[in-house]
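In this note's numbering, the protein residues as written are 720 to 804.
The following block contains the structure:
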């Protein structure tokens, strides 16, 4: 059985991409816009970087943010668990 997937055209770092996903198209566009903003922010701070290096630095920055949020989430869950005991 085929899964329903949305095909959404987006622009990231002045390049066209077609993203395919099951999420709402507006969510997909929003995520693409955030990636575009982050990669352009890194490009402004580091003039002369090629696209690959900007993309890698963007991925590292986003993953750093994700890990920090995941750690904070875990700490909050533990705190809630301790308060419940």
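Glycine included, C-beta positions come from ideal geometry on N, C-alpha and C. Note that the coordinates shown come from a computational prediction; the quantities given were computed from them, not determined experimentally.
Opening and closing residue of the alpha helix (DSSP H) in which residue i lies
| i | result |
| --- | --- |
| residue 767 | From DSSP, residue 767 is part of no alpha helix (DSSP H); its letter is neither H nor E. |
Distance, residue j Cα to residue i Cα
| i | j | result |
| --- | --- | --- |
| residue 748 | residue 794 | 31 angstroms |
| residue 789 | residue 783 | 10 angstroms |
| residue 781 | residue 729 | 19 angstroms |
| residue 776 | residue 761 | 7 angstroms |
| residue 731 | residue 768 | 16 angstroms |
| residue 720 | residue 802 | At residue 720 the pLDDT is 47, less than 50, meaning the model places this residue with poor confidence; the figure from the coordinates comes in the next sentence. Near 46 angstroms, if we compare the C-alpha coordinates of residue 802 and residue 720. |
| residue 733 | residue 798 | 44 angstroms |
| residue 751 | residue 773 | 15 angstroms |
| residue 757 | residue 800 | 35 angstroms |
Range of the contiguous beta strand (DSSP E) that encloses residue i
| i | result |
| --- | --- |
| residue 730 | 725-731 |
Residue i classed as buried or exposed, judged by whether at least 16 other C-beta atoms fall within 10 angstroms
| i | result |
| --- | --- |
| residue 764 | exposed |
Neighbourhood of residue i by C-beta, 6 angstroms cutoff - its chain only, sequence neighbours within 5 removed
| i | result |
| --- | --- |
| residue 739 | 724 and 726 |
| residue 755 | 731 |
Beta carbon proximity, residue i to chain D, threshold 9 angstroms
| i | result |
| --- | --- |
| residue 766 | Any reference to chain D falls outside this structure, which holds one protein chain only. |
Spatial neighbours of residue i in its chain, beta-carbon cut-off 7 angstroms, leaving aside the 5 residues before and after
| i | result |
| --- | --- |
| residue 796 | none |
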